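*Asks:* As you go down the protein sequences, you meet chains W and X in turn.
Under the numbering used here, residues 1 to 237 are what the first sequence spells out, in order.
Under the numbering used here, residues 1001 to 1237 are what the second sequence spells out, in order.
Following this message is one structure expressed as structure tokens.
Protein chains: 2
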Amino acid sequence: METLSIYPGRGIHGQVVEAIGRRIVSGKEAPGSTLDLDALEITYDVSKTVVREALKVLAAKGLVDARPKRGTFVRSRSQWSLLDPDLLRWQFEEPSGSGLLDDLYEVRIIVEPAGARLAALRRTEEEVESLAAALAAVDEQADAEAIIEADLAFHRQLLEASHNELLIRMEYIIEIGLRARDVLVHTEGHRDDFLPPHQAVLDAVRRADPDGAERAMRQLLEQAAKDEQQIKNRGGK
Amino acid sequence: METLSIYPGRGIHGQVVEAIGRRIVSGKEAPGSTLDLDALEITYDVSKTVVREALKVLAAKGLVDARPKRGTFVRSRSQWSLLDPDLLRWQFEEPSGSGLLDDLYEVRIIVEPAGARLAALRRTEEEVESLAAALAAVDEQADAEAIIEADLAFHRQLLEASHNELLIRMEYIIEIGLRARDVLVHTEGHRDDFLPPHQAVLDAVRRADPDGAERAMRQLLEQAAKDEQQIKNRGGK
DNA sequence: TATTCATTTCTTATGAATTATTATTGACCC
DNA sequence: GGGTCAATAATAATTCATAAGAAATGAATA
């Protein structure tokens, strides 16, 4: 799986971007507060250049705004480019990011069934085959993490078959959130529950049945939500 | 209306970001090709600092990737952060961006009815009132551009009432696309067609009727699509 | 009230030192 | 002789230190 993130921890610059970015996202730097460039320089033990390039990147993500005389200050949350992959990752990895995760589930149940519908209408034969292969690959995985990745790959390929670039990107966003969550739905016990709904989606897509694909995907997600709720309740006791 | 864009043309830096960004988005810089930093320095008549800060920003948007020894090169389109507000604006303002606009309409008819449903479930009394005010404001506008802005404001406020942060951001994206398109649906003749469907959405939201809100929004969008198609056909002849 | 002016802070600039990655080379086993 | 591996050199980005420039604010002044 290729990540969309640009900073694989390589170089000092990326680390500073991520450190400051996470501080802002987590609320440690309050919106409206001004950032002290000299202080950052000392805190992260880097030169002005690095600090200011990092702030430029954060400005590109809408997190900060630099104005002459007024200083560089943190923008309010509503101004952030919340759909930026890095920003999403930082958010979801925050302990307080569960609210956004709920939002994500809602978006998922809106987007994915619609995507399945379009996929059923537009998929090529090759895409049906690779979808089938992706589904088969889930069964071959051993550990939970690999299963999750394979599952995500299936959903990603399905949305790609919708041939709608914006939907595909939204699926990437959904992936980031699902990957960041701690709850692992795919335990051994649930493997039997997993395959049939996915197979149903695949079948509908294969026979180019938009209504069926949409319905099957909705059922799949509702079932998954139910399973997860069960696990959460069990774990919460 | 506040833009999410970070570069209001202020400063040389932003201009270089936009210039190079647009070249890449438009395909003038082929994916995989390496960018010559010295050449850019000369082309835009700025120093190394500006060029490299601009490239850092573009890297944050996933457009380029800089590697020691290999150079700075353009990433493939699939790696771009397509949902970035700036990137979307550049795309939509390209003549060749009509494919993405079609995608956008599809997303809109997926997201907005679902958003209307959630809004009906969660809106506060204050939100109903400001929605009503937003709709009333549309009627007061004189020129086409102002009407469009007022219309967008209505849709934006509706999605905000869904209280789902991700949906709200998607609406921002939709806005960017709609604002960039050249076709102006809201000509004088269509004003009568405009109000009733919007009123229907508002009424459903007011009486907390999710099914009604979803249906009304879907009808609104389908009607709008039909109108636009008509205009396009008329203009095309 | 309007204008000027000094201050503050970001912005741009420059060039050199540093670091990281890759390609090359040569040595060493198979 | 062919292939793998490690040391090396070349290359380009990265980082750094410093300084001059531009812009906005707010106070002092007319």
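C-beta atoms are modelled at their ideal positions from N, C-alpha and C, and glycine is treated no differently.
Keep in mind the model is a prediction, meaning the values are calculated, not measured.
Decide yes or no for the touch test of the stretch 1206-1218 of chain X against the stretch 1115-1123 of chain X: beta carbon pairs closer than 8 Å, at least 3 of them.
*Replies:* Judged by Cβ distances under 8 Å, the stretch 1206-1218 of chain X makes contact with the stretch 1115-1123 of chain X, as three or more pairs qualify.
*Asks:* Which residues bound the alpha helix (DSSP H) around W:ASP65?
*Replies:* That residue, W:ASP65, is in no alpha helix (DSSP H); its beta strand (DSSP E) goes 64-67.
*Asks:* With respect to the beta strand (DSSP E) encompassing W:GLY71, which residues constitute its N-terminal and C-terminal limits?
*Replies:* It spans 71-74 - the beta strand (DSSP E) in which W:GLY71 sits, taken as one unbroken run.
*Asks:* In chain W, which residues lie with their C-beta within 7 Å of the C-beta of X:ILE1110?
*Replies:* Here the neighbours are ILE110, VAL111 and ALA114.
*Asks:* Suppose contacts are defined by Cβ-Cβ distances below 8 Å. Is X:ARG1206 in contact with X:VAL1138 by that definition?
*Replies:* No, Cβ-Cβ distance for X:ARG1206 and X:VAL1138 is not below 8 Å.
*Asks:* When the distance is taken between beta carbons, is W:LEU88 closer than 8 Å to W:ILE173?
*Replies:* Yes, these two residues count as a Cβ contact at 8 Å.
*Asks:* By Cβ distance below 7 Å, which residues in the same chain neighbour W:ARG75 in space, the five residues on each side in sequence not counted?
*Replies:* Here the set comprises PRO31, GLY62, LEU63, VAL64 and ASP65.
*Asks:* Return the residue from the list X:ASP1203, X:ALA1144, X:SER1081 and X:ARG1108 that minimises the CA-CA distance to X:LEU1121.
*Replies:* Closest option to X:LEU1121, Cα to Cα, is X:ASP1203.
*Asks:* Per DSSP, what are the beta-bridge partners of W:LEU35 in this structure?
*Replies:* W:LEU35 pairs with W:THR72.
*Asks:* Taking the Cβ atom as the reference point for each residue, do W:GLU106 and W:HIS155 lie within a distance shorter than 8 Å?
*Replies:* No, the pair does not count as a contact, with Cβ atoms beyond the cut-off.
*Asks:* So W:GLY99 is in the alpha helix (DSSP H); what residue range does that whole segment cover?
*Replies:* Segment 98-122, the alpha helix (DSSP H) holding W:GLY99.
*Asks:* If you follow the alpha helix (DSSP H) that X:HIS1155 is part of, which residue opens it and which one closes it?
*Replies:* Unbroken alpha helix (DSSP H) run through X:HIS1155: 1144-1160.
*Asks:* Below 8 Å CB to CB, which residues in the same chain sit around W:GLU222 once its five sequence neighbours on both sides are set aside?
*Replies:* Here the set comprises ILE109.
*Asks:* Of all the options W:MET170, W:LYS226, W:ARG181 and W:LEU131, which has the alpha carbon lying nearest to the alpha carbon of W:GLY99?
*Replies:* That would be W:ARG181, whose Cα lies nearest to the Cα of W:GLY99.
*Asks:* If you count every other CB in all the chains shown that lies within 10 Å of the CB of X:LEU1195, and 16 or more means buried, which is it?
*Replies:* With fewer than 16 Cβ atoms within 10 Å of its Cβ, X:LEU1195 is classed as exposed.
*Asks:* Distance, Cα to Cα, X:SER1033 vs X:PHE1073?
*Replies:* Using only the alpha carbons, I get a separation of about 5 Å.
*Asks:* Residues of chain X with CB under 7 Å from W:VAL57, in chain order?
*Replies:* Result: LYS1056, VAL1057 and ALA1060.
*Asks:* What do you get for X:GLN1157, buried or exposed, if any count of 16 or more other CB atoms within 10 angstroms of its CB means buried?
*Replies:* Label assigned to X:GLN1157: buried.
*Asks:* Which of the three DSSP states, helix, strand or coil, is assigned to W:ASP233?
*Replies:* Position check: residue 233 of chain W holds Asn in this sequence, whereas Asp was assumed. Reduced to three states, the DSSP call for W:ASN233 is helix.
*Asks:* Are the beta-carbon atoms of X:SER1081 and W:PRO197 separated by less than 8 Å?
*Replies:* No.
*Asks:* Are the Cβ atoms of X:ILE1020 and X:LEU1040 separated by less than 8 Å?
*Replies:* Taking 8 Å as the Cβ cut-off, X:ILE1020 and X:LEU1040 qualify as a contacting pair.
*Asks:* Could you pull out every unbroken alpha helix (DSSP H) segment of at least 4 residues lying fully inside the stretch 10-60 of chain W, listed in chain order?
*Replies:* Correct list: 12-25, 37-43 and 48-60.
*Asks:* Do W:GLN199 and W:LEU101 count as a contact pair if the criterion is CB distance below 8 Å?
*Replies:* No, these two residues do not count as a Cβ contact at 8 Å.
*Asks:* Residues in the stretch 145-168 of chain W with C-beta within 8 Å of chain X's C-beta atoms, listed in sequence order?
*Replies:* Those would be ASN164, GLU165, LEU166 and LEU167, in chain order.
*Asks:* Here's a check: name, in chain order, each residue in its chain whose Cβ is nearer than 8 Å to the Cβ of X:LEU1058, leaving out the five neighbours to either side.
*Replies:* Only VAL1017, ILE1020, GLY1021, ILE1024 and VAL1064 meet the Cβ criterion.
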